[in-house]
Amino acid sequence: MNRDHLPPFSCQVQGQVADILYQTGISLVLSTYQAGKVLLLSASEDGRLIQLPRTFNRAMGVAIDGDRMAIATKSEVVVLKNSRELAENYPKKRGVYDTMFLPMASYYTGYLDMHDLHFGVDGLYGVNTSFSCITKIDDQFSFRPIWQPPFIDSLISEDRCHLNGLAMVDNQPTYVSALGTGNTERSWRDSITNGGVIMHVPTSEVVVKGLGMPHAPRVYDGVLYCLLSANQELVCVDTEKGTYDVVAHIPGFLRGMAKHGDYLFIGTSKIRTNSSSFGKLNIPQESSIAGLQILHLPSAQIVGTVSWLSSVDEIYDVQVLPQSRRPNILNTATGDHVKALLIPDKTYWSNLTES
Numbered sequence: 584m585n586r587d588h589l590p591p592f593s594c595q596v597q598g599q600v601a602d603i604l605y606q607t608g609i610s611l612v613l614s615t616y617q618a619g620k621v622l623l624l625s626a627s628e629d630g631r632l633i634q635l636p637r638t639f640n641r642a643m644g645v646a647i648d649g650d651r652m653a654i655a656t657k658s659e660v661v662v663l664k665n666s667r668e669l670a671e672n673y674p675k676k677r678g679v680y681d682t683m684f685l686p687m688a689s690y691y692t693g694y695l696d697m698h699d700l701h702f703g704v705d706g707l708y709g710v711n712t713s714f715s716c717i718t719k720i721d722d723q724f725s726f727r728p729i730w731q732p733p734f735i736d737s738l739i740s741e742d743r744c745h746l747n748g749l750a751m752v753d754n755q756p757t758y759v760s761a762l763g764t765g766n767t768e769r770s771w772r773d774s775i776t777n778g779g780v781i782m783h784v785p786t787s788e789v790v791v792k793g794l795g796m797p798h799a800p801r802v803y804d805g806v807l808y809c810l811l812s813a814n815q816e817l818v819c820v821d822t823e824k825g826t827y828d829v830v831a832h833i834p835g836f837l838r839g840m841a842k843h844g845d846y847l848f849i850g851t852s853k854i855r856t857n858s859s860s861f862g863k864l865n866i867p868q869e870s871s872i873a874g875l876q877i878l879h880l881p882s883a884q885i886v887g888t889v890s891w892l893s894s895v896d897e898i899y900d901v902q903v904l905p906q907s908r909r910p911n912i913l914n915t916a917t918g919d920h921v922k923a924l925l926i927p928d929k930t931y932w933s934n935l936t937e938s
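Each step along the sequence shown adds one to the number in our numbering, with nothing skipped, and position 224 is 807.
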């Protein structure tokens, strides 16, 4: 297949992808920092997969909490709010969308290489990879550091351990993943295939070590899951014993994970051919695709896949939009967002034009 002449965001879909999305009444949000996009995936009643790409500069972590969404971009965190009424009355396509996220605020953080992002009980938390810390995001500072691994002895922009993933329990930061435990600039690259750890934030203890590029730690039904990107594995961690069990072997460089019902939605990325670090990974070329894998967790079987043939090389985050069969999201790159007005008891699409 000649991919040079394919339309943007061309993809191949296999298995039950559209059926699962439509029957469960959900849509997916994926971030691809390489393409600078947030992708919304949904399904039509007749079994078609629907894609809606929106531009967000170097989109990384995505947080969703009810009608709130936050997106970590290259140098800011954008906070959006959903309005179903504005969605239904969207002037360009009335009656098409059931969800519409509108930009409400931006926090100008500067370049932090922000990875995972989560809403917590008392604010918005991000993994500040550049400074090797968990950060709280507000309008008082570029970032407010609240936790660092004990082996990191200073707050400096050196990406010493490649802190990347954050798992919340009871809306509090609880577990983090890192690719190493070094205290010098980018020292994590020296042991990329077996130097990863997961740490317990409240105690600052390492709960499991010797991991191959851990990403996306998540607690589901009281169980800590994680993706081992270097090993092409989904694992569950025994935090008491410091061990893990392999739940499933999933081909590809795994990164980004979300759960709904019995299904896990897992992102895969192409291997960077020009990277000396990625060159150490034993991932076959045929598995080096940008895509989405849907795993039926009770059976540990892949039941659907999406493989992008153009535009997308890397996926970072995957999130679920519940009760949303046809979502939309507005960015600030076009004029649509300035006409969408949301107040406590009413919404408007402004029909005024600049004079």
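Glycine included, each C-beta is placed from N, C-alpha and C at the ideal position. Since this is a predicted model, take the numbers as computed values, not measurements.
At least 3 beta-carbon pairs within less than 8 Å: the stretch 588 to 605 vs the stretch 886 to 896 | yes
Hey, would you say S666 sits closer than 8 Å to V645, going by beta carbons?
-> As a working note, residue 666 is residue 83 in the sequence shown. As a working note, residue 645 is residue 62 in the sequence shown. Taking 8 Å as the Cβ cut-off, S666 and V645 do not qualify as a contacting pair.
Leaving out the 5 sequence neighbours to the left and right, which residues in its chain are closer than 6 Å to R772 when beta-carbon positions are compared?
-> Residue 772 sits at position 189 when you count from the first residue of the sequence shown. So the qualifying residues of the chain are S860.
Short Cβ contact (8 Å threshold) for N747 with H798 | Here the question's residue 747 lines up with position 164 in the sequence shown. Here the question's residue 798 lines up with position 215 in the sequence shown. Cβ atoms of N747 and H798: closer than 8 Å.
Per-residue burial, G850 [other beta carbons within 10 Å of its own, 16 or more giving buried] = Translated into positions along the sequence shown, residue 850 becomes position 267. Label assigned to G850: buried.
If I'm right that R651 touches Y616 with Cβ under 8 Å, what's the distance once you round it to whole angstroms?
-> Taking the first residue of the sequence shown as 1, we reach residue 651 at position 68. Taking the first residue of the sequence shown as 1, we reach residue 616 at position 33. A Cβ-Cβ separation of about 21 Å leaves R651 out of contact with Y616 under the 8 Å criterion.
Would you grab the beta carbon distance between A831 and V903 for me? Rounded to a whole angstrom, and I think it's under 8 Å.
-> As a first step, residue 831 must be located in the sequence shown, where it is residue number 248. As a first step, residue 903 must be located in the sequence shown, where it is residue number 320. The pair is not a contact, with the Cβ atoms about 19 Å apart (cut-off 8 Å).
For A670, the nearest candidate out of L935, S933, I912 (CA to CA) | Within the sequence shown, residue 670 is the residue found at index 87, counting from 1. Cα-wise, what sits closest to A670 is I912.
Excluding sequence positions up to five away, which residues of its chain have a Cβ less than 6 Å from the Cβ of S689?
-> Your numbering for residue 689 matches position 106 in the sequence shown. Correct list, in chain order: E659, V661.
Going by C-alpha distance, which of R908, S852, L847, N914 is nearest Q884?
-> As a first step, residue 884 must be located in the sequence shown, where it is residue number 301. Among R908, S852, L847, N914, the Cα nearest to that of Q884 is on L847.
Does the beta-carbon distance from P800 to Y758 come in below 8 Å?
-> Your numbering for residue 800 matches position 217 in the sequence shown. Your numbering for residue 758 matches position 175 in the sequence shown. Yes. Within cutoff.
Whole-Å CB distance - F639 paired with N914, under 8 Å assumed = Locating residue 639 in the sequence shown gives position 56, where the first residue counts as 1. Locating residue 914 in the sequence shown gives position 331, where the first residue counts as 1. About 6 Å; that satisfies the 8 Å criterion.
Residue closest to S852, alpha-carbon to alpha-carbon, out of I833, A873, P867 | For this step, residue 852 is matched to residue 269 along the sequence shown. The residue with the shortest Cα to Cα distance from S852 is A873.
Just curious, the beta strand (DSSP E) that E788 is in, first and last residue?
-> Here residue 788 refers to the residue found at position 205 when the sequence shown is read from its first residue. 788 to 794 is the span of the beta strand (DSSP E), which, as asked, contains E788.
Report the residue ranges of all beta strand (DSSP E) runs contained in full by the stretch 607 to 688; include only those spanning at least 3 residues, in chain order.
-> Whole beta strand (DSSP E) segments, 3+ residues: 610 to 615, 620 to 626, 632 to 638, 645 to 648, 651 to 655, 659 to 665.
Do you know how far the Cα of K929 is from the Cα of P732?
-> Locating residue 732 in the sequence shown gives position 149, counting from the first residue. Locating residue 929 in the sequence shown gives position 346, counting from the first residue. When rounded, the distance between both Cα atoms is 46 Å.
With distances taken between CB atoms, is the gap from M796 to L817 smaller than 8 Å?
-> For the purposes of this step, residue 796 is taken as residue 213 along the sequence shown, with counting starting at 1. For the purposes of this step, residue 817 is taken as residue 234 along the sequence shown, with counting starting at 1. Contact: no.
Cross-strand partners of R908 (DSSP beta bridge) | Taking the sequence shown and counting its residues from 1, the one referred to as residue 908 is at position 325. Paired residue(s): none; R908 is not in a bridge.
What do you reckon, are the CB atoms on H879 and T607 nearer than 8 Å?
-> The sequence position of residue 879 within the sequence shown is 296, counting from 1. The sequence position of residue 607 within the sequence shown is 24, counting from 1. No.
Which residue comes first and which comes last in the beta strand (DSSP E) that contains H920?
-> Numbered from its first residue, the sequence shown carries residue 920 at position 337. Per DSSP, H920 belongs to no beta strand (DSSP E); it is in the alpha helix (DSSP H), 919 to 922.
Cβ of T718 within 8 Å of Cβ of D742?
-> Position 135 of the sequence shown holds residue 718. Position 159 of the sequence shown holds residue 742. No, these two residues do not count as a Cβ contact at 8 Å.
T851 bridges to which residues according to DSSP?
-> Here residue 851 is taken as the residue at index 268 of the sequence shown, counted from 1. Answer is L837, G874, bridged to T851.
Check the C-beta distance from M643 over to H698 and give it rounded, since I have them as a contact under 8 Å.
-> Within the sequence shown, residue 643 is the residue found at index 60, counting from 1. Within the sequence shown, residue 698 is the residue found at index 115, counting from 1. That pair is a contact at about 6 Å.
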